[in-house]
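Residue numbers for the sequence shown follow full-length UniProt numbering, beginning at 1 and rising by one.
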Amino acid sequence: MSCHGCATSFGFFIREHGCPSCGFSYCNKCLQFKCELSKLGPGQHKVCRECSEHGGQPPKRIYEPPAALIRRLESLENPAGPPITVYTPNPRMVQLKSGLEEPDRQIAERLEKLRADRKKGPAPTEEEVVSRLARLRGQSYIPANTKPTYTAPDTRTDQEKADSLLNQFAEEKQLLDKLPSPEQEVAERLNKLRGQSTSPQDEVTALMRQLSTQSGKDGKDVQDSLRATQSQDVTMESDGENEEEMARKIMASFNEGCDNVETVRKIYLPQAEGPISN
1 MSCHGCATSF
11 GFFIREHGCP
21 SCGFSYCNKC
31 LQFKCELSKL
41 GPGQHKVCRE
51 CSEHGGQPPK
61 RIYEPPAALI
71 RRLESLENPA
81 GPPITVYTPN
91 PRMVQLKSGL
101 EEPDRQIAER
111 LEKLRADRKK
121 GPAPTEEEVV
131 SRLARLRGQS
141 YIPANTKPTY
151 TAPDTRTDQE
161 KADSLLNQFA
171 EEKQLLDKLP
181 SPEQEVAERL
191 NKLRGQSTSP
201 QDEVTALMRQ
211 LSTQSGKDGK
221 DVQDSLRATQ
231 SQDVTMESDG
241 ENEEEMARKI
251 MASFNEGCDN
261 VETVRKIYLP
271 QAEGPISN
């Protein structure tokens, strides 16, 4: 520690003394002034030079605040307004407009105004650029800050997953089988227009299935059924032609697995000539 007056370090030979008026530490040389102090009673007391000059009262020190603090307080009391941007005219544009006619001068002023407006607008953010790019590509933009939805982990084994897929395919196949085919829908609509409850195509298909399952039995019942089907009333001549073509296709598909195909052909298509080939 050092003396407050001469900055001499205290030690064994230089002792530290305190000023009874201001309380600062001084050495014996700096504490040689005497004056009366009312708080210590009558008599002369050793004080420092500054206290002796002020009549035993410590000098009032006025510390000025730093300039940075003053500026900060002024900015809080009087907040500054938005910065004023002053656009200086481009000397090149001024020189260009001086030698132009009125229409050309107006075009040059509009061009200068467009350039000034482009400078005023803030630059787009990265998120805006990404969203605009996704919109141009026809994709849906998902912001990065959106929370992802929770998906429960699949704890099934491989065998259970395979069984589940097989069951799903089987159920989809059953649903597709229940749906009528476009050909059947057209045939049903034609039958409704003709006033028929069932189509000959369904009857012939059922008979051919019966032939395929009972190929070893006697085909007498099947022949009777085919004769009954042939004896149905046909309102239009084109209906008979469609039935002939349909019966040809059905018998061609069962040509290999059925032994009574030739009998069916003779009964149901008496006008057809020649054997039916695949």
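Using N, Cα and C, we set each Cβ at its ideal position, and we do this for glycine too. Just so you know, these numbers come straight off a predicted model, no measurement behind them.
What number of angstroms, rounded off, separates the C-alpha of residue i from the C-alpha of residue j?
i	j	result
G5	P65	24 Å
L111	R135	30 Å
F169	A162	11 Å
V130	Y141	8 Å
P143	Q95	49 Å
E36	E53	12 Å
N28	K39	22 Å
N90	I107	15 Å
A67	S2	30 Å
E126	L133	11 Å
I84	G99	32 Å
R71	E77	10 Å
F12	K34	25 Å
R194	Q184	15 Å
According to DSSP, residue i sits in a beta bridge with which residue or residues?
i	result
residue 287	Lying before the first or after the last residue shown, residue 287 is absent from the chain, which here runs from 1 to 278.
S2	S9
H17	Y26
Which class does residue i belong to by DSSP, given the choice of helix, strand or coil?
i	result
A123	coil
L136	helix
R156	coil
P66	coil
S181	coil
I142	coil
E128	helix
I84	coil
L100	coil
N167	helix
N90	coil
L31	coil
Assign residue i to one of two classes, buried (16 or more other C-beta atoms within 10 Å of its C-beta) or exposed (fewer than that).
i	result
L176	exposed
L31	buried
A123	exposed
A187	buried
Y150	exposed
Y63	exposed
| field | Three or more C-beta pairs below 8 Å linking the segment 41-48 and the segment 16-23 | value | yes
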